[in-house]
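Chemist:
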Amino acid sequence: IFAIILLWPFFLKSQTNEITLNNPVTGCTGSEVFVNLSWSSTITGNPDYFVLRKIQGEADFTQIATTKNTFYIDRSVNSDKNYVYKIKAEKEQDIFFSNEAAAQARYCAPVISSPSTSCAADGPHITLNWSSVSGNLSTYEIYRDSLKIGQTTNTSFNDGSNIEGIKTYNYFVKAIWQDGNSRDSDTAPAMAPACAPTLAASADCLAQAPGGPKVNLSWNNLLGVQNYQIYRKAQSETSFSLLNTVSGTSF
Numbered sequence: 002i003f004a005i006i007l008l009w010p011f012f013l014k015s016q017t018n019e020i021t022l023n024n025p026v027t028g029c030t031g032s033e034v035f036v037n038l039s040w041s042s043t044i045t046g047n048p049d050y051f052v053l054r055k056i057q058g059e060a061d062f063t064q065i066a067t068t069k070n071t072f073y074i075d076r077s078v079n080s081d082k083n084y085v086y087k088i089k090a091e092k093e094q095d096i097f098f099s100n101e102a103a104a105q106a107r108y109c110a111p112v113i114s115s116p117s118t119s120c121a122a123d124g125p126h127i128t129l130n131w132s133s134v135s136g137n138l139s140t141y142e143i144y145r146d147s148l149k150i151g152q153t154t155n156t157s158f159n160d161g162s163n164i165e166g167i168k169t170y171n172y173f174v175k176a177i178w179q180d181g182n183s184r185d186s187d188t189a190p191a192m193a194p195a196c197a198p199t200l201a202a203s204a205d206c207l208a209q210a211p212g213g214p215k216v217n218l219s220w221n222n223l224l225g226v227q228n229y230q231i232y233r234k235a236q237s238e239t240s241f242s243l244l245n246t247v248s249g250t251s252f
């Protein structure tokens, strides 16, 4: 009976002072990845829990947080990394560790904003912006109506000079990581604005008889436009009148 009384406290401690770390759950908030950790514990007294993390393959853990809860959301992770976690607890002179649990890489797609439109000297433009992804990015590829039109490491892109006014285009952005994985954003539609041509004029004299002054007009080509109408008025006149209709970009 005396031996049982001596051993009982040690037996009780080993059974009740435990931490069990559940399998981590990964997810995306926009283009940002997170790892949701939870664990069960039978340690009494509301101890502090220390969240330890390492990149899979590394030798040492690093403490990333302290909490009195039995859950923690890790938002300081990169999409293209596998992580290993364990939980540490201290109570008086005792130190306890949970099991290790791995979180596999979760690749979160960029989030594209509503495109903005504008008119420039060369015609309509559509500007795209999107949120950055985490990890070792290789490039972003930009697609318009399922055709690749460019790539960049920035989080914006201007599409212009080769788009048609009053026409709707559909865009998406593909993020490509250095390890070869990729994710596509949602599709964002945009209608290109109807833009006026940019007119340039110069004056000189006719080289042939009967001579006299002439005005040379030129303007930029606008995709999708079939004809341009030229209007003219004298400085003393109040309204323009149609002078000619042409399909080219000069008169």
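Counting from 1 along the sequence shown, just add 1 to a position and that's the residue number in this note's numbering.
Glycine included, C-beta positions come from ideal geometry on N, C-alpha and C.
#1: Thinking C-alpha only, which one of N222, N245, S32, A121 is nearest Q230?
#2: When the distance is taken between beta carbons, is D49 closer than 8 angstroms to T67?
#3: Can you give me the start and stop residues for the beta strand (DSSP E) that R145 sits inside?
#4: Please list the terminal residues of the continuous beta strand (DSSP E) segment that includes C1.
#5: State the Cα-Cα distance for the pair F35 and V78, rounded to the nearest angstrom.
#6: Taking 8 angstroms as the threshold (C-beta atoms), are P116 and A208 in contact?
#7: What residues in its chain sit with their C-beta under 6 angstroms from that of V52, if we drop five residues either side in the sequence?
#8: In whole angstroms, give me the CA-to-CA distance for V134 and Y170.
#9: Using only the alpha-carbon positions, how far apart do K92 and G46 sit?
#10: With a cut-off of 8 angstroms on the beta carbons, I'd call G161 and D123 a contact; round off their distance for me.
#11: Short check: CB of S240 to CB of R233, under 8 angstroms?
#12: Could you please give the first and the last residue of the uninterrupted beta strand (DSSP E) stretch that includes Y108?
#13: Select from N222, N221, I20, C206 the residue whose C-alpha is nearest the C-alpha of K215.
#14: Nearest to L224 by CA position, among A189, V174, K168, is which residue?
#15: Roughly how many angstroms lie between the CA atoms of N155 and P211, to the nearest whole one?
#16: So within the region 149-208, which uninterrupted beta strand (DSSP E) runs reach at least 3 residues, ignoring any that extend past its ends?
#17: Would you tell me roughly how many angstroms separate the C-alpha atoms of K14 and T43, rounded to the nearest one?
#18: Given a threshold of 16 other Cβ atoms within 10 Å of its Cβ, counted over all protein chains shown, does K149 qualify as buried or as exposed?
#19: Taking just the CA atoms, how far does Q152 sit from I88?
#20: Just reading off the beta strand (DSSP E) that I1 is part of, what are its end residues?
#21: In this structure, how does DSSP classify P1 when only helix, strand and coil are distinguished?
#22: Please return the same chain residues whose Cβ sits closer than 6 angstroms to the Cβ of S32, not counting the five positions on each side in sequence.
#23: How long is the line joining the alpha carbons of F97 and T21, rounded to whole angstroms?
#24: Locate the beta strand (DSSP E) running through A90, then write down its first and last residues.
Modeler: Walking through what the data contain:
#1: Position 229 of the sequence shown, counted from the first residue, corresponds to residue 230. Per the Cα distances, N245.
#2: Sequence index remark: in the sequence shown, residue 67 carries index 66 (1-based). Sequence index remark: in the sequence shown, residue 49 carries index 48 (1-based). Yes, Cβ-Cβ distance for T67 and D49 is below 8 angstroms.
#3: On the sequence shown, position 144 is the one that residue 145 refers to. Counting along the chain, the beta strand (DSSP E) containing R145 begins and ends at 138-145.
#4: Here the chain has residues from 2 to 252 only, and residue 1 is not among them.
#5: Locating residue 35 in the sequence shown gives position 34, counting from the first residue. Locating residue 78 in the sequence shown gives position 77, counting from the first residue. Roughly 7 angstroms separates the two Cα atoms.
#6: If you number the sequence shown from 1, residue 208 lands on position 207. If you number the sequence shown from 1, residue 116 lands on position 115. For A208 and P116, no; Cβs fall outside 8 angstroms.
#7: Within the sequence shown, residue 52 is the residue found at index 51, counting from 1. Only I65, A66, Y73 meet the Cβ criterion.
#8: Within the sequence shown, residue 134 is the residue found at index 133, counting from 1. Within the sequence shown, residue 170 is the residue found at index 169, counting from 1. So the two alpha carbons sit approximately 24 angstroms from each other.
#9: Start at 1 with the first residue of the sequence shown, and residue 92 comes out as number 91. Start at 1 with the first residue of the sequence shown, and residue 46 comes out as number 45. In a straight line, the C-alpha of K92 is about 8 angstroms away from that of G46.
#10: By one-based count along the sequence shown, residue 161 stands at place 160. By one-based count along the sequence shown, residue 123 stands at place 122. Beta-carbon to beta-carbon, G161 and D123 are separated by about 7 angstroms, close enough to satisfy the 8 angstroms threshold.
#11: Along the sequence shown, read from residue 1 onward, the residue named residue 240 stands at position 239. Along the sequence shown, read from residue 1 onward, the residue named residue 233 stands at position 232. Contact flag unset, no.
#12: For the purposes of this step, residue 108 is taken as residue 107 along the sequence shown, with counting starting at 1. Looking at the DSSP string, Y108 is not in any beta strand (DSSP E), and its letter there is neither H nor E.
#13: For the purposes of this step, residue 215 is identified with residue 214 of the sequence shown, where counting begins at 1. Checked all of N222, N221, I20, C206; the closest Cα to K215 is C206.
#14: The count along the sequence shown starts at 1 and reaches residue 224 at position 223. Per the C-alpha coordinates, the member of A189, V174, K168 positioned closest to L224 is K168.
#15: Here residue 155 refers to the residue found at position 154 when the sequence shown is read from its first residue. Here residue 211 refers to the residue found at position 210 when the sequence shown is read from its first residue. When rounded, the distance between both Cα atoms is 59 angstroms.
#16: For the region 149-208, whole beta strand (DSSP E) runs of length 3 or above, ordered along the chain, are 157-161, 169-178, 183-185, 189-192, 200-206.
#17: As a first step, residue 14 must be located in the sequence shown, where it is residue number 13. As a first step, residue 43 must be located in the sequence shown, where it is residue number 42. Caution applies to K14, whose pLDDT of 42 falls short of 50 and renders its modelled position unreliable; the value that the coordinates give is listed next. The alpha-carbon atoms of K14 and T43 are separated by roughly 10 angstroms.
#18: Here residue 149 refers to the residue found at position 148 when the sequence shown is read from its first residue. It counts as exposed.
#19: Position 87 of the sequence shown, counting from 1, holds the residue named residue 88. Position 151 of the sequence shown, counting from 1, holds the residue named residue 152. The C-alpha of Q152 is placed about 42 angstroms away from the C-alpha of I88.
#20: Residue 1 lies beyond the stretch modelled for the chain, which goes from 2 to 252, so this question has no answer here.
#21: The requested residue 1 is not part of the displayed model; the chain covers only 2 to 252.
#22: Counting from 1 along the sequence shown, the entry for residue 32 is found at position 31. Listed in chain order, the non-local C-beta contacts of S32 below 6 angstroms within the same chain comprise C109, P111, V112, S132, V134, local neighbours out to five positions each way being set aside.
#23: If you number the sequence shown from 1, residue 97 lands on position 96. If you number the sequence shown from 1, residue 21 lands on position 20. Inter-residue distance for F97 and T21 is about 11 angstroms (C-alpha atoms, whole angstroms).
#24: Taking the first residue of the sequence shown as 1, we reach residue 90 at position 89. Unbroken beta strand (DSSP E) run through A90: 84-92.
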